[in-house]
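K.L.:
No gaps in the numbering here: position 47 of the sequence shown is 47 in full-length UniProt numbering, and each next residue is one more. Built from N, CA and C at the ideal position, the CB exists for glycine as well. To start, I am sharing the structure in question, which I have written as structure tokens.
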Amino acid sequence: MILSISGIVLFGTIAFLFFRRDGLKISHALVCALLGFYIAGSSIAPSIQAGGASLASLLGGLKF
1 MILSISGIVL
11 FGTIAFLFFR
21 RDGLKISHAL
31 VCALLGFYIA
41 GSSIAPSIQA
51 GGASLASLLG
61 GLKF
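Rendered as structure tokens:
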């Protein structure tokens, strides 16, 4: 678990710095993908999935 959290912090910081400094390039997108894999394996993954499902339900209920 500690390794997962440090991976999340490390890749999150790198992705943030890449985005702020240079825009998003292919190598930066790879770091973002690795961040996603670390987050998916962490204990906050169910909360993120529930939030995404809730947002999709909310947007699905909108009528135009």
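Which word fits F11, buried or exposed, when buried means at least 16 other C-beta atoms lie within 10 angstroms of its C-beta?
P.N.:
buried
K.L.:
Assuming S27 is part of the alpha helix (DSSP H), what are its boundary residues?
P.N.:
I26 to A40
K.L.:
For G60, report the span of its alpha helix (DSSP H) as first-last.
P.N.:
A45 to G60
K.L.:
Are V31 and I14 closer than 7 Å when you measure CB to CB?
P.N.:
Using a Cβ distance threshold of 7 Å, V31 and I14 count as a contacting pair.
K.L.:
Would you call L55 buried or exposed, if buried means 16 or more other Cβ atoms sit within 10 Å of its Cβ?
P.N.:
exposed
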